[in-house]
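Structure first, then comments.
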Amino acid sequence: LIKTFKLPEFKELRGIIHCFSGDAREAKVLTDLGFLLGIGGVITYKNTTLFQDIKDIPLSHIVLETDAPYLPPVPHRGQRNESSYVKLVALKLCDIYGLSLEEVANTTTANANKLFNIEH
Numbered sequence: 201l202i203k204t205f206k207l208p209e210f211k212e213l214r215g216i217i218h219c220f221s222g223d224a225r226e227a228k229v230l231t232d233l234g235f236l237l238g239i240g241g242v243i244t245y246k247n248t249t250l251f252q253d254i255k256d257i258p259l260s261h262i263v264l265e266t267d268a269p270y271l272p273p274v275p276h277r278g279q280r281n282e283s284s285y286v287k288l289v290a291l292k293l294c295d296i297y298g299l300s301l302e303e304v305a306n307t308t309t310a311n312a313n314k315l316f317n318i319e320h
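When we follow my numbering, the leftmost residue of the sequence shown carries the number 201, and every step to the right adds one.
Printed below as a string of structure tokens:
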């Protein structure tokens, strides 16, 4: 599907790529199209390459998600996921981007607010 995207055809679309698990090229194409990448518990998994695939994507294109009840972050893998675990995803993004938890939380929240036109 990603290979068929053409910028002029999709320039007006906006949204979140839920549970993004693509590679770096796909991340770049999707964010260039204006989509946000939904990052959840998978980013904490030992065998994932997702952290490498998004490290060059600005945090301004990322939102946090839990995908509850699925895909809980480490150390809860194998258990039922819940919304409170989103902090573990945020902490992993702190490591990737070299930012504080407050910066990651504020930026990803602002991204979601902007997309959904929520005034704060």
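Where is the CB? At the ideal position from N, CA and C, for every residue including glycine.
Other residues of its chain near residue i: CB distance less than 7 Å, five sequence neighbours each side excluded
i, result
"Gln279", "Pro272"
"Pro269", "Arg280, Asn281"
"His276", "Tyr285"
Sequence-distant residues of the same chain with beta carbon closer than 6 Å to residue i, five excluded per side
i, result
"Asp267", "Cys219, Gly240"
"Tyr297", "Leu259"
Assigned exposure category for residue i - 16 Cβ within 10 Å defines buried
i, result
"Leu230", "buried"
"Asn313", "exposed"
"Asn317", "exposed"
"Glu265", "buried"
"Asn306", "exposed"
"Leu301", "exposed"
8 Å Cβ cutoff met for residue i and residue j
i, j, result
"His261", "Leu237", "yes"
"Asp223", "Asp253", "yes"
"Leu250", "Val242", "yes"
"Leu288", "Thr244", "yes"
"Leu315", "Val304", "no"
"Thr308", "Val274", "no"
Nonlocal neighbours in the same chain, by C-beta distance under 8 Å from residue i, ignoring five residues either side
i, result
"Gly215", "Phe235, Leu236, Leu315"
"Leu335", "Past the edges of the chain, shown from 201 to 320, lies residue 335, and the structure says nothing about it."
"Ile217", "Leu230, Phe235, Leu236, Leu237, Gly238"
Alpha helix (DSSP H) runs contained entirely in the segment 214-284, provided each spans 4 or more residues = Those alpha helix (DSSP H) runs which fall completely within the segment 214-284 and span 4+ residues are 224-232, 250-254.
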